[in-house]
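*Asks:* Quick one: this structure, given as structure tokens, is what I'll be asking you about.
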């Protein structure tokens with residue numbers, strides 16, 4: 001016990017002089033990188049156009065297409081089922097005369113693409129909200 | 001004095017000055033690293049453990065009771081994280097590192113002179129928990145109370161283990177120095 005106590009000071013000095021190990025350079029920076037990523041609040045991204053607005057746009061477009069088909073659809077004299085649906089929409093847009101230079105083919109493509117997107121958005125909105133509303137009751 | 005400075009820094013960090021944490025990291029990283037290295041036996045694991053411990057401590061700052069010393073709390077996290085890492089890596093690896101060659105000790109610890117190598121060689125032959133105890137006792141000059149708070153061992157157990165470890169270390173140092181200078 002006495003021998004231990006007598007050597008304690010010597011051992012303390014030995015540890016102080018030789019026993020301290022150093023971290024590698026850049027250690028503090030690496031810790032601070034991790035700390036700062038925790039400390040800084042993550043930015044919340046909000047869509048410029050909310051889902052509700054997209055739904056309204058989709059619904060409006062669907063209504064527009066459906067309305068135009070009802071208004072001018074009876075006049076069309078076409079054979080195929082495909083053009084039966086598309087023709088009234090094309091004539092409606094042509095009737096608006098906002099850009100008489102747009103070729104019919106382009107109008108058909110635009111109508112089909114936008115119509116499909118609108119339909120998909122409307123279905124998506126319906127599927128996402130319907131169950132919640134049902135639960136709410 | 002240091003404790004009140006730590007308290008001030010911690011209050012600033014909790015008020016949003018996260019950059020102030022770098023001062024605490026710089027102040028305690030070396031001893032934290034020394035404890036982890038003594039327990040794990042290699043630099044890579046020890047650095048990872050100490051990094052994790054500092055991040056854990058940062059996350060836990062809001063719940064830190066400021067009447068305790070930050071260093072004691074941090075070293076406890078380092079000690080526990082080192083134990084978890086050892087369990088995760090398995091004990092089998094230890095047997096390979098139990099008695100490394102002299103040149104390996106220099107590589108692992110950076111010890112350059114005879115006294116440093118002698119100390120490292122003697123320490124390598126102590127069980128890992130005893131290495132941590134003598135490091136805290138001699139290097140950090142921790143009291144029995146502090147070692148009890150860091151390791152979670154009872155005070156009586158700390159006294160017994162520390163007595164045994166100090167005795168063993170002295171014997172090992174004598175043996176190593178006789179071997180080196182014979």
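Chains as they are written, first to last, in our numbering: chain H, 1 to 137; chain E, 1 to 182. From the three backbone atoms N, C-alpha and C, an ideal C-beta is built for every residue, glycine too. All figures in this text were calculated on a predicted structure; none of them were measured in a lab.
For residue 135(E), return the contacting residues in chain H, with the cut-off set at a CB-CB distance below 8 angstroms.
*Replies:* Going along chain H in sequence order, the residues near residue 135(E) (Cβ under 8 angstroms) are 15, 19.
*Asks:* Short of 7 angstroms Cβ to Cβ, which residues in the region 19-40 of chain H face chain E?
*Replies:* Under the 7 angstroms Cβ criterion, the region 19-40 of chain H contributes 19, 20, 21, 22, 23, 24, 27, 28, 30, 31, 32, 34, 35, 36, 38, 39.
*Asks:* Residue range of the alpha helix (DSSP H) that residue 65(E) falls in?
*Replies:* It is not in any alpha helix (DSSP H) - residue 65(E) carries neither H nor E in the DSSP assignment.
*Asks:* From residue 69(E) to residue 171(E), what distance separates their C-alpha atoms?
*Replies:* Between residue 69(E) and residue 171(E), the C-alpha separation is close to 33 angstroms.
*Asks:* Thinking just about the alpha-carbon of each residue, which of 178(E), 40(E), 67(E), 130(E) is nearest to the one in residue 157(E)?
*Replies:* Closest by alpha carbon: 130(E).
*Asks:* Using a cut-off of 9 angstroms between C-beta atoms, extract the partners of residue 145(E) located in chain H.
*Replies:* The premise fails here: residue 145(E) is roughly 18 angstroms from chain H at the closest Cβ pair, so nothing lies under 9 angstroms.
*Asks:* Run down chain H in chain order and give the residues with a C-beta less than 9 angstroms from the C-beta of residue 50(E).
*Replies:* Simply 23, 27, 31.
*Asks:* Using a Cβ-Cβ distance under 7 angstroms, would residue 72(E) count as near chain H?
*Replies:* It does not: the Cβ of residue 72(E) has no partner Cβ on chain H nearer than 7 angstroms.
*Asks:* To the nearest angstrom, how far is it from the Cα of residue 83(E) to the Cα of residue 115(E)?
*Replies:* Rounded to whole angstroms, residue 83(E) to residue 115(E) spans 28 angstroms at the Cα level.
*Asks:* Within a Cβ cutoff of 7 angstroms, which residues of the same chain sit near residue 17(H), ignoring the five residues on either side of it in sequence?
*Replies:* Answer for residue 17(H): no residue qualifies.
*Asks:* According to DSSP, is residue 42(E) part of a helix, a strand, or is it coil?
*Replies:* Three-state result, residue 42(E): coil.
*Asks:* My output table needs one value for residue 33(H): the three-state DSSP class, helix, strand or coil.
*Replies:* Reduced to three states, the DSSP call for residue 33(H) is helix.
*Asks:* So does the region 100-119 of chain H actually touch the region 26-45 of chain E, counting three or more Cβ pairs closer than 8 angstroms?
*Replies:* Cβ pair count under 8 angstroms is below three, so no.
*Asks:* Looking at C-beta atoms only, is the number of pairs between the region 7-21 of chain E and the region 122-141 of chain E that lie closer than 8 angstroms three or more?
*Replies:* Because the criterion of three Cβ pairs below 8 angstroms is not met, the region 7-21 of chain E and the region 122-141 of chain E do not touch.
*Asks:* For residue 81(E) and residue 8(E), what's the separation of their Cα atoms in angstroms?
*Replies:* Approximately 26 angstroms, taken between the alpha carbons.
*Asks:* On the three-pair Cβ rule with 8 angstroms, is the region 137-145 of chain E touching the region 50-61 of chain E?
*Replies:* Contact fails: fewer than three Cβ-Cβ distances are below 8 angstroms.
*Asks:* Does the separation of the CB atoms of residue 118(H) and residue 61(H) fall below 7 angstroms?
*Replies:* Yes, these two residues count as a Cβ contact at 7 angstroms.
*Asks:* Can you give the Cα-Cα distance for residue 23(H) and residue 47(E), rounded to whole angstroms?
*Replies:* Their Cα atoms are separated by approximately 7 angstroms.
*Asks:* Just mark residue 46(H) as buried or exposed, buried being the case when its beta carbon has 16 or more other beta carbons within 10 Å.
*Replies:* It is exposed - the Cβ of residue 46(H) has fewer than 16 other Cβ atoms within 10 Å.
*Asks:* Going by other Cβ atoms of all chains shown within 10 Å of its Cβ, with 16 needed for buried, is residue 163(E) buried or exposed?
*Replies:* The residue is exposed, with fewer than 16 neighbouring Cβ atoms inside 10 Å.
*Asks:* Return the chain-ordered ranges of every alpha helix (DSSP H) run that is complete within the region 124-171 of chain E and spans a minimum of 4 residues.
*Replies:* Listed in chain order, the complete alpha helix (DSSP H) runs (minimum 4 residues) inside the region 124-171 of chain E are 128-134, 144-151.
*Asks:* Apply the 10 Å Cβ neighbour rule to residue 66(H) and answer buried if 16 or more other Cβ atoms are within range, or exposed otherwise.
*Replies:* Exposed, because fewer than 16 other Cβ atoms sit within 10 Å of the Cβ of residue 66(H).
*Asks:* Assuming residue 151(E) contacts residue 79(E) (C-beta within less than 8 angstroms), just tell me the rounded distance between them.
*Replies:* Rounded, the Cβ-Cβ distance is 6 angstroms, consistent with contact.
*Asks:* Which value, in whole angstroms, describes the spacing of the CA atoms of residue 180(E) and residue 87(E)?
*Replies:* The straight-line gap from Cα to Cα measures roughly 34 angstroms.
*Asks:* Does any residue of chain E bring its CB to less than 7 angstroms from the CB of residue 128(H)?
*Replies:* So no, residue 128(H) is outside the interface.
*Asks:* Run through chain H and tell me which residues come within less than 7 angstroms of residue 166(E), C-beta to C-beta.
*Replies:* Chain H residues near residue 166(E): 4.
*Asks:* Using only CA atoms, which one of 117(E), 137(E), 168(E) lies nearest to residue 9(H)?
*Replies:* When each option's Cα is compared against that of residue 9(H), the closest is 137(E).
*Asks:* Does DSSP classify residue 49(H) as helix, strand or coil?
*Replies:* Note: residue 49(H) maps to coil in three-state DSSP.
*Asks:* In the structure shown, what three-state DSSP assignment does residue 111(H) receive?
*Replies:* It is helical.
*Asks:* Under the rule that 16 or more other beta-carbon atoms within 10 Å means buried, what is residue 58(E), buried or exposed?
*Replies:* So residue 58(E) ends up on the buried side.
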